[in-house]
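*Asks:* Here it is, the structure in full.
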Amino acid sequence: MNIKLIKTEADYQLALQRLEDIFDAEPDTQEGDELEVLSFLIDSYEKEHFPIEAPDPIEAVKFRMEQLGIKQKDLAEVLGFKSRVSEVLNRKRKLTLEMIRSLHKTLNIPTNVLIQEY
1 MNIKLIKTEA
11 DYQLALQRLE
21 DIFDAEPDTQ
31 EGDELEVLSF
41 LIDSYEKEHF
51 PIEAPDPIEA
61 VKFRMEQLGI
71 KQKDLAEVLG
81 FKSRVSEVLN
91 RKRKLTLEMI
101 RSLHKTLNIP
111 TNVLIQEY
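For the sequence shown, the residue numbers in UniProt numbering are 1 to 118.
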């Protein structure tokens, strides 16, 4: 096992290739241990160099509505009125704390997504 820190794009590409080569390694073997360590190193490098930003709150709501087959009129039960839903989805009204709580509970959207600026 010849593992080193991933510091460059070239190191990253080599690590990915090695990971692919040993992907089916059995646990509790030398290659299995290498697979675990390499996975951790790759994950750490990716988090630092390829961060994934949280989605826009309104786009997250629209996406979740589409996934669940929910229409704007259905969301009125969560946010209060049809007109309020329209204002929120058209970015004319900001989400309130109560709306965020309701959307989180009803649509299961993480609160850290809903509280972002938009």
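Every residue gets a Cβ at the ideal spot worked out from N, C-alpha and C, and that includes glycine.
Just so we're clear, the structure is a prediction, and the values are computed from it rather than from any experiment.
#1: Can you confirm whether the segment 66-75 touches the segment 40-49 when touching is taken to mean that 3 or more C-beta pairs between the two stretches lie within less than 8 Å?
#2: Leu79 and Met99 - do their beta-carbons sit closer together than 7 Å?
#3: Can you have a look at Glu37 and say buried or exposed, based on whether 16 or more other CB atoms are within 10 angstroms of its CB?
#4: Please give me, in chain order, every unbroken run of the alpha helix (DSSP H) with length at least 4 that falls completely inside the UniProt domain "HTH cro/C1-type" (61-114).
#5: In chain order, what residues of the same chain have a beta carbon less than 8 Å from the beta carbon of Leu5, not counting five sequence neighbours either side?
#6: Along the chain, where does the alpha helix (DSSP H) that runs through Gln116 open and close?
#7: Taking the alpha helix (DSSP H) that Phe40 belongs to, which residues open and close that run?
#8: Taking Lys7 as the reference, give the member of Arg84, Gln72, Glu48 with the closest Cα.
#9: Starting from Ala10 and walking both ways along the alpha helix (DSSP H), at which residues does that stretch end?
#10: Check whether the Cβ atoms of Ala54 and Ile109 lie closer than 7 Å to each other.
#11: In whole angstroms, give me the CA-to-CA distance for Ser102 and Glu77.
*Replies:* Looking at the atomic coordinates:
#1: no
#2: Taking 7 Å as the Cβ cut-off, Met99 and Leu79 qualify as a contacting pair.
#3: The sequence shown places Val at residue 37, not Glu. Here Val37 is exposed, its C-beta having fewer than 16 other C-beta atoms within 10 Å.
#4: 72-79, 82-89, 97-107, 111-114
#5: Correct list, in chain order: Asp11, Leu41.
#6: Premise fails: Gln116 is in no alpha helix (DSSP H) and is neither H nor E.
#7: Its alpha helix (DSSP H) spans residues 30-49.
#8: Glu48
#9: 9-21
#10: no
#11: 10 Å
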